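This report refers to the structure that appears directly beneath it.
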Amino acid sequence: MKDQLEKIKSEALKQIEGSDALEKLNDIRVAYLGKKGELTKVLKSMKDVAPEDRPKVGQMVNEAREAIEAKLEETKARLARKAREEQMKAEVIDVTLPAVKNHVGHSHPNTIALEEVERIFVGMGYEVVEGPEVEYDEYNFTKLNIPANHPAKDEQDTFYINKDIVLRTQTSPVQARIMEQGKLPIRMIAPGRVFRSDEVDATHSPSFHQVEGLVIDKHITFADLKGTLAQFAKEMFGEDTKVKFRPHHFPFTEPSAEVDVSCFKCGGTGCRFCKGSGWIEILGCGMVHPHVLEMCGIDPEEYTGFAFGVGLERIALLKYEIDDMRLLYENDIRFLKQF
Amino acid sequence: MNTALSWIKAYVPELDVTAQEYTDAMTLSGTKVEGYTRLDKNLEKIVVGQIERIERHPDADKLVVCQVNVGSETLQIVTGAPNIKTGDKVPVVLDGGKVAGGHDGGPLPEDGIRIKKGKLRGVESCGMMCSIEELGSSRDMYPDAPESGIYILPADTPVGADAVEVLGLRDVVFEYEITSNRVDCYSVVGIAREAAATFDKPFCPPQVKETDNSEDVHDYLKVRVEDTDLCPRYCARMVKNIHLAPSPEWMQRRLAASGIRPINNLVDITNYVMEEYGQPMHAYDYDLIAGHEIVVRRAKDGDVFQTLDGQERKLDSTVLMINDGEKEVGIAGIMGGENSKITDDVKTMVFEAACFDGTNIRLSAKKIGLRTDASGKFEKGLDPNNAAAAINRACQLVEELGAGEVVGGMIDVYPVKREERRIPFDPAAVNRLLGTEIDEATMRSYFKKLDLGFDEAAKEVIVPTFRQDLERPADIAEEVARFFGYDNIPTTLPSGEATSGGLSYKLRIEEKAREIAEFSGFSQSMTYSFESPKVFDRLRIPEDSRLRMTVNILNPLGEDFSIMRTTPLNGMLTSLSTNYNRRNKNVHLYELANVYLPKALPLTELPEERMQFILGAYGETDFFTMKGVIEEFFEKVGMHKRPHYDPSAGRPYLHPGRQADVIYDGVPVGYLGEIHPDVADSYRIGEKVYVAVLDMPALIPFTTFDRKYEGIAKYPAVTRDISMVVPKDVLVGQIEDVIEKRGGKILESYSLFDIYEGAQILAGHKSVAYTITFRAKDHTLEDKEVSAVMEKILHGLKELGIELRA
């Protein structure tokens, strides 16, 4: 009995060893461990074994079974590993073949510049609001301290719809509209399209974009205006950017200033971008004129504020080194794809 | 405004700065210097020489050989100039020196022209005698220069001296950008006052002495101002025994540097005073003034007047005129008349220095189409108190220059004297506005520098009338800020309660639109808001369409930019056309474009501005791709209902069989389709073009950024496939309507998996197959539940004439 078991075991192990496919292993399992398998047969013949020997024989059968099963598992794992390796070998690809792209579209450079401006001011707690592009003369001029027959009206080359309605020449009328709503304090920027009757050329367009900024609160100072715009310049043009405030005149602010930033191409040493000066003019600003506050129903004794206006195209052209403004409105896909 | 530094220095004698220092400091104190030109640019080694001998050139008829004494030596110089003679003193550029330009007076080369010793037709020439053009100037500015040839210096010029200095070219001309509020700075005196304050140097304006003979001008002339509203002040003085001659060099140089051509002493004096005081003046020939009377009044409608440039000008009753006893003799503040202009025979003249209403002058100049240096000054609104000072200055110069005999007295019609303004001064308030801590004494030192007075008792700044821009305390704060230095004001951030920033809801929706469009491969375009009225014909839009009701620009840049768009189609098609004609393949664009829809015409209130989200493409695209972008966008902005597509809108610019209006929850929110081939032709696009347009204001009410988790289904789904024979004119959308309406609560989804027309299908029919998925949230569906619903669906389909396929 013992020899018979040993023989079955070694025969089985040998067959397992020699298997080269997972299916064969299954056949071997059936042949030895199945209902009609060799080892099962031995168990069935236990009734012929003397009762005192039965535990011993049972143990021997179990040992043989365990040995065969262990071998089967081990071999199965080895074969499976081998099969996977072969599969992977067959699946090798040329990773340098071209990428499959979704061909995502591109934002207009004006939008990219605007999003940058918005990100900075939204981070400082500013709301982004809008106003009408076709606007009353009253909002575009009168409420901004530019009364009828003021020479500034001529300077701005206004498109008129009729004597009372114009294409807004600046985003500043949004200031008046927001102030009139009377919700204080105000921290807002108003981006949008503006119009001036300039003929189209490399540096002029009859339609362009501005971003207006307005802060009204108690105790707002010119120093706050300087700090805010210095912060904006650093975030927009880089940490090392310096700003220069030059006195200027706008009818709706007093004191007023024009702001130059140190040239972000050359860092201020002078280059063709800054025409050798090291500075680039980027915006106009000032403390909101007390008369403008009064006209919008805000008490200038209690509240002060500042306002600024940035030309979006100016920033986009400078930042992205676009040399002709007409490109912005032609929409040639070869241009747009570069942004 | 251009002014030579030497002229400024005449009134700020201690000013000692480089051109760049001057530029920077003046700009930072508010007088913006746009740039400067050195008059001695590229003029090197140029001295005064005297011609001692002139001999013929042995080998050239047109050349002569000169011996020129330049002080230290005598040089041999060969020249072709025709105008020299022995003894002449001339500018000589020495060997190795530089001149600014060629003798032809063309554009000046950036680096000038180097002059070297050399041989001319075999004869050595050791330098060059210079024409005025070679010195970088022109005959306009140096009227005594010959038409061609060497500039001859005055006989008393010392030999060997710096010729550039002698010619007044050691100077810098600054170009200023004066802001419209600083009328006083449109004058040399005004700028000099700012320069003195900026550099903290004494300001010494011209001292005007009243000079005259013992006669009284009132015995010669009468002045009557009828329209005092347009002429607050009129001053007149007279000069007799006029002696016309060139003005002295110093005056010519200063005028030339300012870009004004010297003419003769009288003309030059009026121009000089206009520059110096910012006060335009006019001179009339006294003998041509009928009745020796001047009357200032409005013209009559329809008057025609010949100005001294010989042009006929049509007038109306808004234009202010200067008249004599009989007729009009000048357009006030703009230009004098041909009939009273000064000629070389003038014996006695009237000087006029008046103050006219700035707005009226500006509007008149515009109406007449004649803008002059004088009107340019008047329209800014001049200080009437300046007029008397200017006319007295002019008379002083007449005497100094020996141009005539000034008649005593001044006629001065000045009914309401312009007084100084007073502004309360609160140094603490100034500091509060600026965010500074400047002490009162410092602030008051700035006022003093600017000739602003101060009333100690009342604590008021007294503003002279030449500073009309200073009206209220904020203006005073700006004066403090300018001289304290904007650079020295601290930088802080606003304090006060925090505000939460962010985009408006509309802008957030637009941001999503851009996101989806770009993710779907569309790039953003931008087009003008105004376009041509011809676009409607190109787009096949009928005559009676509301789209043709446009907001029109009164003063457009030509017809192509004359109407505000009512549809975004033209912009998109134009951009696609540009791309197509530049052979760009497969172009996908989108634009967020406002259209401008008037409520009624003529416009009495603002038009409605409706944001349109337009997608347009040619190349790898089709109707259903566009539809897909729309639906992706809807899902992204919380519009989860199934949009409906109505093919029957009949939009004329779209292909009649490939278009649909987009209906969301019963509301039209846009349209999409293939561009009508005729329209594509008119835009010269040779491919199929697809567009989709969403009307943002219509769909925004349906949008939301609210999201709610609905759980993941726990119970299994049951699917049923149905295959149908459908009459051809029934739309798939109608089938889906039935499935949705009748599917009840357990309907989860449905999807089209096959559509087929062809041989095996009954004529006039198509085969359509759907998979319908059902699921209940709370239990496993039983077969009979599903069958009951399917029964309802099939019943509904039958009503559309649909049969199940066998």
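Protein chains in written order, with this note's numbering: chain A, 3 to 341; chain B, 1359 to 2164.
Quick reminder that beta carbons are idealized off the backbone N, C-alpha and C, glycines included.
The structure presented is a predicted model; accordingly, all values stated were derived computationally and were not measured.
For the C-beta of Ser1862/B, the chain A residues within less than 9 Å are, from N- to C-terminus, Glu129, Val130, Val131, Glu132. Residue pairing from DSSP leaves Phe1919/B without any beta-bridge partner.
Between Leu2057/B and Ile2033/B, the C-beta gap is not smaller than 8 Å, which leaves the two residues out of contact. Under the 8 Å criterion on CB atoms, Val1987/B is classed as non-interfacial with respect to chain A. Comparing alpha carbon positions, the residue from Ala1555/B, Ala2117/B, Glu2161/B, Val1687/B closest to Ile2093/B is Glu2161/B.
Nearest to Arg1396/B by alpha-carbon distance, out of Ile1409/B, Gln1408/B, Asp1469/B, is Asp1469/B. Assigned with DSSP and collapsed to three states, Cys287/A falls in strand. Only Phe1877, Ser1878, Gly1879, Phe1880, Ser1881, Gln1882, Ser1883, Met1884, Thr1885, Tyr1886, Ser1887, Phe1888 from the segment 1877-1895 of chain B bring a Cβ to less than 8 Å from some Cβ of chain A. Counting the other Cβ atoms within 10 Å of the Cβ of Cys1562/B gives fewer than 16, which makes it exposed. When 9 Å is used as the limit between beta carbons, Met48/A is near no residue of chain B, the shortest such separation being about 49 Å.
Under the three-state reduction of DSSP, Gln340/A is assigned to coil, being neither helix nor strand. As DSSP reads the structure, Gly229/A sits in no beta bridge.
Annotation: the continuous beta strand (DSSP E) that includes Phe2111/B extends over 2105-2114.
Take Ser207/A, set aside five residues on each side of it, and the residues of its chain with a beta-carbon closer than 8 Å to its own are Asp200, Glu315, Met327, Arg328, Leu330, Tyr331, in chain order.
Those residues of the segment 1683-1698 of chain B placed with their C-beta closer than 9 Å to a C-beta in chain A do not exist. A buried status is given to Asn1623/B, since no fewer than 16 other beta-carbon atoms sit within 10 Å of its beta-carbon.
Restricting attention to Met297/A, Ser264/A, Ala79/A, the CA atom closest to the CA of Ala235/A is found in Ser264/A. For Tyr1804/B, the closest Cβ of chain A is not nearer than 8 Å. Ranked by Cα distance from Gly1480/B, the options Ala1521/B, Met1907/B, Gln1434/B, Ala2121/B are led by Gln1434/B. When the Cα atoms are used, Val1423/B and Ile1412/B turn out to be separated by approximately 6 Å.
Phe1877/B carries a helical assignment under DSSP once its states are collapsed to helix, strand and coil. Under the three-state reduction of DSSP output, Ala154/A falls in the helix class. Between Ala1641/B and Thr1628/B the beta-carbon gap is near 6 Å, inside 8 Å, which marks them as a contact. Here Asp2053/B is bridged, per DSSP, to Gln1970/B. Here the segment 1942-1950 of chain B makes contact with the segment 1969-1987 of chain B; the two share three or more CB pairs at distances below 8 Å. Contact check for Pro2010/B against Ile1899/B passes: the beta carbons are separated by less than 8 Å. Phe1981/B sits in a helix when the DSSP states are folded into three classes.
Collapsing the DSSP output to three states places Leu169/A in a strand. For the set Cys287/A, Arg56/A, Glu283/A, the Cα lying nearest the Cα of Ala225/A is the one of Cys287/A. For Tyr1938/B, no chain A residue has a C-beta closer than 7 Å to its own C-beta; the minimum C-beta separation is roughly 10 Å. Contact annotation: Val294/A and Leu146/A have beta-carbon atoms nearer than 8 Å. In the three-state reduction of the DSSP assignment, Gly1518/B falls in the coil class, being assigned neither a helical nor a strand state. A straight line joining the alpha-carbon of Tyr2108/B with that of Tyr322/A spans about 49 Å. When beta bridges are read from the DSSP output, Lys1598/B appears opposite Glu1763/B. Distances from the CA of Asp1833/B to each of His250/A, Cys273/A, Leu285/A were compared; the closest alpha carbon is that of His250/A. With 16 or more other CB atoms across the displayed protein chains lying within 10 angstroms of its CB, Ala318/A is buried.
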